[in-house]
Amino acid sequence: MTTLDNWRKSSYSAGGDGNNCIEIANSTTHVAVRDSKAPADGILTFPTAAFTPFLDTLKSPHSTVTDFARFRG
């Protein structure tokens, strides 16, 4: 994957708890996700076709953002 320079943070990440956000960047073949508070700590990269199913899983009633944070460590 090429170097990504188009990182975007959610518009919901204003002050307070909104600082606990992720940033995403994309190329023609991949979507990358990183922690906005520690961008140098690592990047999770998905093939473009796999990103939507990943988001759908996070939105499911059996998954929460808190659960995702626990998986992340």
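Under this note's numbering, the residue at position 47 of the sequence shown is numbered 103, and the numbers go up by one with no gaps.
Beta carbons are placed, not taken as given, at the ideal position from N, Cα and C, and that holds for glycine.
Alpha carbon of residue i to alpha carbon of residue j, nearest angstrom
i	j	result
residue 95	residue 112	24 Å
residue 63	residue 104	15 Å
Residue of the options minimising C-alpha distance to residue i
i	options	result
residue 66	89, 83 and 84	89
residue 87	110, 97, 79 and 102	102
residue 85	106, 91 and 116	106
residue 93	64, 110, 115 and 77	77
Residue interval of the beta strand (DSSP E) (run including residue i)
i	result
residue 91	86-91
residue 81	78-82
Extent of the continuous alpha helix (DSSP H) run through residue i
i	result
residue 109	104-115
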